[in-house]
Amino acid sequence: MGLNRRDVLKVGGLSVVAAAIGGCGSLTQPEAPSKTQKTHMWLMPQPKGNRVVVVGGGFGGLALAKSVRQNNPESEVVVLERRDLFFSCPFSNTYLGELDDVDLGVLTRDYYGPAKEFGYRFVQCEVVGIDRAAKTVSTSLGDIEYDVLVLSPGIAYAYDQQFPQWDASKISRVAQEAPAAMIAGSEHLAFKRQLEQMDDGDVVITVPFGKYRCPPAPYERACMIAHYMEKEGIEGKVIILDAAKEPQAKAGAFKEAFNDLFKDRIVFVGEVKIKEVDVEAKEIVYTTEDESFTLKEHVLPYQVLNLIPQNKANPVIAMAGIETNAWGGAKLKGAGFVSVSDPSVYVVGDCVGHGIPASGQSANWAGKRAGKQIASRLGGKAVDEMVELPYKNANMCYSMVGADPEEAVMVTHEFVYENGMLVGKGFVPKDATSGKFRTTQLGRATREWYRGIMSDMFGV
Ligand SMILES: Cc1cc2nc3c(=O)[nH]c(=O)nc-3n(C[C@H](O)[C@H](O)[C@H](O)COP(=O)(O)OP(=O)(O)OC[C@H]3O[C@@H](n4cnc5c(N)ncnc54)[C@H](O)[C@@H]3O)c2cc1C
Numbered sequence: 005m006g007l008n009r010r011d012v013l014k015v016g017g018l019s020v021v022a023a024a025i026g027g028c029g030s031l032t033q034p035e036a037p038s039k040t041q042k043t044h045m046w047l048m049p050q051p052k053g054n055r056v057v058v059v060g061g062g063f064g065g066l067a068l069a070k071s072v073r074q075n076n077p078e079s080e081v082v083v084l085e086r087r088d089l090f091f092s093c094p095f096s097n098t099y100l101g102e103l104d105d106v107d108l109g110v111l112t113r114d115y116y117g118p119a120k121e122f123g124y125r126f127v128q129c130e131v132v133g134i135d136r137a138a139k140t141v142s143t144s145l146g147d148i149e150y151d152v153l154v155l156s157p158g159i160a161y162a163y164d165q166q167f168p169q170w171d172a173s174k175i176s177r178v179a180q181e182a183p184a185a186m187i188a189g190s191e192h193l194a195f196k197r198q199l200e201q202m203d204d205g206d207v208v209i210t211v212p213f214g215k216y217r218c219p220p221a222p223y224e225r226a227c228m229i230a231h232y233m234e235k236e237g238i239e240g241k242v243i244i245l246d247a248a249k250e251p252q253a254k255a256g257a258f259k260e261a262f263n264d265l266f267k268d269r270i271v272f273v274g275e276v277k278i279k280e281v282d283v284e285a286k287e288i289v290y291t292t293e294d295e296s297f298t299l300k301e302h303v304l305p306y307q308v309l310n311l312i313p314q315n316k317a318n319p320v321i322a323m324a325g326i327e328t329n330a331w332g333g334a335k336l337k338g339a340g341f342v343s344v345s346d347p348s349v350y351v352v353g354d355c356v357g358h359g360i361p362a363s364g365q366s367a368n369w370a371g372k373r374a375g376k377q378i379a380s381r382l383g384g385k386a387v388d389e390m391v392e393l394p395y396k397n398a399n400m401c402y403s404m405v406g407a408d409p410e411e412a413v414m415v416t417h418e419f420v421y422e423n424g425m426l427v428g429k430g431f432v433p434k435d436a437t438s439g440k441f442r443t444t445q446l447g448r449a450t451r452e453w454y455r456g457i458m459s460d461m462f463g464v
């Protein structure tokens, strides 16, 4: 009996393994050398055919897992996810605003249902290491081998880059007392609790510099919180402290909504640099520059602070040791989702190095597309990464701005291949009759979009 892949892993040098097993179809050798030999505790038995391991059961990972299974039912797909419960960031601002019928049940799902329905394995565990030479992922429960590895781990916060003067203890204190609520879970609930318990006074939302997840989210959030304060009769304002001069997405549409719907409630302050936060005194210190470039320091007391720090790619990308851009996003080949460093590694979701929006819709689009490409490759078929490009409405992002009646604004993005990467070209429509960006029709479309994408991922 010849050596199987696992035997080789146990007895041989890891570089021998790569040469011996060769991976699937046209996949060539990974580049990274593995320095150490390791005894493995395996998470599950070897697959009969090809195995696709997906890190991250979020918007990108779940779309991809389903797509691979649908397009190549023979392949084994395993989703590794550290959370026990799916919690959605999209639509979560309407939960903060307490729109009709939006409760936690609307935002959460179990992972077992879709795994059963679409035929992939779900394992709740934390990914702690990736050995590309051995094609092995290490997790909190054990190790797992892959033929194809897909990374869709989402974002992490970069408090340390934005506030180098803060130590780890200050960062964790601020993160708890002024939750960013840009990574789904406890932060959203803590933030909601703070809004429910607040006295009269201001809610401050900070918007960072650089690429961050869902650029319209802070402005939609401002509208939903302003509505909540009005509904509850809370005296105070929603103050947006933005690193940019204008809202960083759908600028005209949000400014119109702030002005028409919440003129005395929402205050937008642009070109702000956050200097310090005192969670005991409930004060935030920021600077602005006047026309003569003189810095002015402001001390702003708050009731509730939503400190959204700079974002960066989730550390799982660095764990894989693949080439990245300065933000930490994976550099990808051409218009596809394969890492430039390793043909066996795909990346989708917020961590792609393409110039497309960091949205759930983009992650879903990329997950489906990359899933199809992986399925074709495993089936020995040719893959055309340019198929259907340019792609109209690849991203459609709605933001609820009004509550009574529900009104929303939207942006659509066409994805085109330009200068060696995918790029999103945005368009923010206006209603021809009213001349306004926001409509009740888009309000209904926001709910329909959310229902649609959830049912696409979860089958219910
Ligand atoms: C307030 C808010 C509103 C938004 N609204 C919209 C909207 O209306 N429309 C829209 O299209 N997008 C919206 N988004 C953006 C959307 O949520 C993200 O772009 C999308 O979730 C990205 O998908 P992803 O797969 O890259 O990451 P995620 O969906 O975050 O999934 C990543 C998963 O990886 C897991 N993970 C991370 N590290 C590990 C590890 N080491 N081991 C195991 N698992 C790990 C995480 O737990 C997570 O479940 C919004 C975001 C926010 C914050």
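According to the numbering used here, the sequence shown holds residues 5 to 464 in order.
Cβ coordinates follow ideal geometry from the N, Cα and C atoms, glycine included.
Closer than 7 Å: residue i CB and nearest ligand 1 heavy atom
{"i": "A367", "result": "yes"}
{"i": "P94", "result": "yes"}
{"i": "P409", "result": "no"}
{"i": "K353", "result": "Looking at the sequence shown, residue 353 is not Lys but Gly. Under cutoff, so the answer is yes."}
{"i": "Y290", "result": "no"}
{"i": "G428", "result": "no"}
{"i": "V59", "result": "yes"}
{"i": "Y402", "result": "yes"}
{"i": "L199", "result": "no"}
{"i": "P183", "result": "no"}
{"i": "F213", "result": "no"}
{"i": "L108", "result": "no"}
{"i": "A339", "result": "no"}
{"i": "S345", "result": "no"}
{"i": "G406", "result": "no"}
{"i": "C218", "result": "yes"}
{"i": "S363", "result": "yes"}
{"i": "E102", "result": "no"}
Ligand 3 heavy atom lying under 7 Å from the CB of residue i
{"i": "M186", "result": "Ligands in the displayed structure: ligand 1; ligand 3 is not one of them."}
Same chain only: Cβ atoms within 6 Å of residue i, ignoring 5 sequence neighbours per side
{"i": "M458", "result": "none"}
{"i": "P251", "result": "Y223 and F258"}
{"i": "T189", "result": "Reading off the sequence shown, one finds Gly at residue 189, where the question assumed Thr. Within the same chain, G189 has close Cβ partners F91."}
{"i": "F126", "result": "V83, Y115 and A119"}
{"i": "F272", "result": "I244"}
{"i": "M202", "result": "Q307 and V308"}
{"i": "Y150", "result": "R55, V57 and K139"}
{"i": "C28", "result": "With a pLDDT of only 37 at C28, under the threshold of 50, the placement of this residue in the model should not be trusted, and no figure is reported."}
{"i": "L51", "result": "A small fix is needed here, since residue 51 is Pro in this sequence, not Leu. Excluding sequence neighbours, P51 sits near E80."}
Closest by C-alpha distance to residue i, when choosing among the options
{"i": "E236", "options": "K254, Y216 and L199", "result": "L199"}
{"i": "G325", "options": "V289, V351 and S79", "result": "V351"}
{"i": "P319", "options": "V141, P220, A160 and F262", "result": "A160"}
{"i": "V106", "options": "L446, E410 and F462", "result": "E410"}
{"i": "F266", "options": "K279, E287, A334 and K241", "result": "K241"}
{"i": "H231", "options": "L426, F262 and V283", "result": "F262"}
{"i": "G406", "options": "E234, K215 and G133", "result": "E234"}
{"i": "R87", "options": "Q166, D460 and G158", "result": "G158"}
{"i": "G353", "options": "G133, S366, S343 and V342", "result": "S366"}
{"i": "E85", "options": "F95, E287, V72 and G65", "result": "G65"}
{"i": "N314", "options": "N368, S348, P168 and W369", "result": "It is Gln, not Asn, that sits at residue 314 in the sequence shown. With distances taken between Cα atoms, Q314 lies closest to P168."}
{"i": "E389", "options": "G338, G439 and G61", "result": "G338"}
Where the alpha helix (DSSP H) containing residue i begins and where it ends
{"i": "N195", "result": "Asn is not the amino acid found at residue 195; the sequence shown has Phe there. Taken as a continuous stretch (DSSP letters only), the alpha helix (DSSP H) holding F195 covers S190 to Q201."}
{"i": "L336", "result": "Premise fails: L336 is in no alpha helix (DSSP H) and is neither H nor E."}
{"i": "Y116", "result": "Y116 to F122"}
{"i": "A67", "result": "F63 to N75"}
{"i": "L111", "result": "L108 to L111"}
{"i": "R455", "result": "T444 to F462"}
{"i": "C227", "result": "A221 to E236"}
{"i": "E260", "result": "A255 to L265"}
{"i": "Q165", "result": "Y163 to Q166"}
{"i": "P319", "result": "P319 to M323"}
{"i": "E181", "result": "A172 to E181"}
{"i": "Y421", "result": "Here Y421 belongs to no alpha helix (DSSP H); instead the beta strand (DSSP E) covers E410 to E422."}
Beta-carbon proximity list for residue i, same chain, < 7 Å, skipping 5 on both sides
{"i": "V276", "result": "L245, D246, A247, Y290 and T292"}
{"i": "G53", "result": "E78, S79 and E80"}
Sequence-distant residues of the same chain with beta carbon closer than 8 Å to residue i, five excluded per side
{"i": "W170", "result": "Y163, D164 and V178"}
{"i": "G101", "result": "C227, M228, I229, H231, Y232, M404 and A407"}
{"i": "F431", "result": "V415, T416, H417 and E418"}
{"i": "G463", "result": "G117, P118, E121 and F122"}
{"i": "G447", "result": "M404, G406, P409, E410, E411 and A412"}
Residue range of the unbroken beta strand (DSSP E) whose run includes residue i
{"i": "T291", "result": "E287 to E293"}
{"i": "S144", "result": "Counting along the chain, S144 falls outside any beta strand (DSSP E), and DSSP gives it neither H nor E."}
{"i": "S403", "result": "Y395 to A407"}
message: Check whether the stretch 390-410 and the stretch 432-452 are in contact - that is, three or more C-beta pairs closer than 8 Å.
response: Counting Cβ pairs under 8 Å, three or more are found: they touch.
- prompt: Would you say the stretch 357-365 touches the stretch 392-405, given that touching needs at least three Cβ pairs under 8 Å?
  reply: Yes: at least three Cβ pairs fall under 8 Å.
task: Determine contact between the stretch 49-65 and the stretch 368-378, defined as no fewer than three beta-carbon pairs at a distance below 8 Å.
output: Yes: at least three Cβ pairs fall under 8 Å.
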